[in-house]
Amino acid sequence: MSSIVAHLGEEPVISGETGICNVFYTHCNLKCRFCQNHQISQPGKNTPFVQSRSLETVLEEIEHFLSQGITHVGFVSPGHFIPQT
6 MSSIVAHLGE
16 EPVISGETGI
26 CNVFYTHCNL
36 KCRFCQNHQI
46 SQPGKNTPFV
56 QSRSLETVLE
66 EIEHFLSQGI
76 THVGFVSPGH
86 FIPQT
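Mapped onto this note's numbering, the consecutive letters of the sequence shown carry residue numbers 6 to 90.
Below is the structure:
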């Protein structure tokens, strides 16, 4: 994972009035030409440092945003659903 953040820029039908807690994954294998998350999705010299997180830590971070009134959680990057070839 690259980051877990509160995001207010999604379409209201997705994020509701309070925003969404987005979990951004790294190293997507799709390599879309116009990827809006290329800074975190493609490995290389510009890829930010990614800390290992335990499941417990991830859940705590998500719960932190949910406790602030955010009601939705989004998982960003289709790469983790596409088999590697």
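Beta carbons are placed, not taken as given, at the ideal position from N, Cα and C, and that holds for glycine.
Computed from a prediction, not measured in an experiment: that's the story for all the values here.
Can you give the Cα-Cα distance for Y30 and I9, rounded to whole angstroms?
Along the sequence shown, read from residue 1 onward, the residue named residue 30 stands at position 25. Along the sequence shown, read from residue 1 onward, the residue named residue 9 stands at position 4. In a straight line, the C-alpha of Y30 is about 9 Å away from that of I9.
Using 10 angstroms around the beta-carbon of F39, count the other beta-carbons present and answer buried if the total reaches 16, otherwise exposed.
Position 34 of the sequence shown, counted from the start, is the residue given in the question as residue 39. Result: exposed.
CB contact flag (G21, A11, <8 Å):
Your numbering for residue 21 matches position 16 in the sequence shown. Your numbering for residue 11 matches position 6 in the sequence shown. No. Outside cutoff.
Would you list the one or two residues that DSSP bridges to G79?
As a first step, residue 79 is located in the sequence shown; it is residue number 74 there, counting from the start. For G79, which the question treats as bridged, DSSP gives the partners N27.
Quick one: grab the DSSP three-state call for H32.
Within the sequence shown, residue 32 is the residue found at index 27, counting from 1. If DSSP states are grouped into helix, strand and coil, H32 belongs with coil.
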